[in-house]
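Residues 13 to 127, numbered by this note's numbering, are exactly what the sequence shown covers, in order. For glycine and all other residues, C-beta sits at the position ideal for the given N, C-alpha and C. In what follows, a single structure is set out as structure tokens and then discussed.
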Amino acid sequence: VQLQASGGGLVQIGGSLNLSCAASGTIFSISAMGWYRQAPGKQREAVADITSGSRRNYADSVKGRFTISRDNAKNTVYLQMNSLKPEDTAVYYCHIVTVGGMDYWGKGTLVTVSS
């Protein structure tokens, strides 16, 4: 199973980016899909996740600004990020958990928010 993330880049404060992550390979069924991030010198933290039933959870720091969604037919998870702040600068990793309990990580995509 491979996860290919895309959509990162350089954006100004207040700007928007839309991350996507497509899972490929032999995947029977995905339970949860989500995004984590790791800023320089900090631990990896959960940003948002979405269950197979479309229940969403967000870190307090991104509530109201980020929206997570998924396309089950494409095994793809998205993260729409609006009103970006410098503290959102990080490498963003996608993560999936299968119904069988296996979990997989993408390689990460860099988001840089600058003034």
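Under the three-state reduction of DSSP, which class applies to residue 83: helix, strand or coil? Three-state result, residue 83: strand.
Of all Cβ atoms in chain D, is any one closer than 8 Å to the Cβ of residue 55? Protein chains in the displayed structure number just one, and chain D is not present.
- [ ] List the residues that DSSP assigns as beta-bridge partners of residue 99.
- [x] Note: residue 99 sits in no beta bridge, so no partner.
Alpha carbon of residue 75 to alpha carbon of residue 61, nearest angstrom
12 Å
For residue 49, count neighbouring Cβ atoms within 10 angstroms of its own Cβ and tell me buried if that reaches 16, exposed if not.
buried
Could you check the C-alpha separation between residue 214 and residue 127 for me, to the nearest Å?
Since the first residue of the chain shown is 13 and the last is 127, residue 214 is not available in this structure.
Notebook entry, point to check: With a Cβ-Cβ cutoff of 8 Å, do residue 20 and residue 89 count as a contact?
Noted result: In this structure, residue 89 does not lie closer than 8 Å to residue 20 by Cβ.
- Item | Nonlocal neighbours in the same chain, by C-beta distance under 6 Å from residue 82, ignoring five residues either side | Cβ within range, chain order: 45, 62, 89.
- Message: Tell me which residues share the same chain as residue 71 and place their Cβ nearer than 8 Å to its Cβ, disregarding the 5 neighbours each side in the sequence.
- Response: 57, 58, 59, 60
* Which word fits residue 78, buried or exposed, when buried means at least 16 other C-beta atoms lie within 10 angstroms of its C-beta? -> buried
Q) Between residue 35 and residue 107, what straight-line distance do the alpha-carbon atoms span, to the nearest angstrom? A) Answer to the nearest angstrom: the Cα atoms are 9 Å apart.
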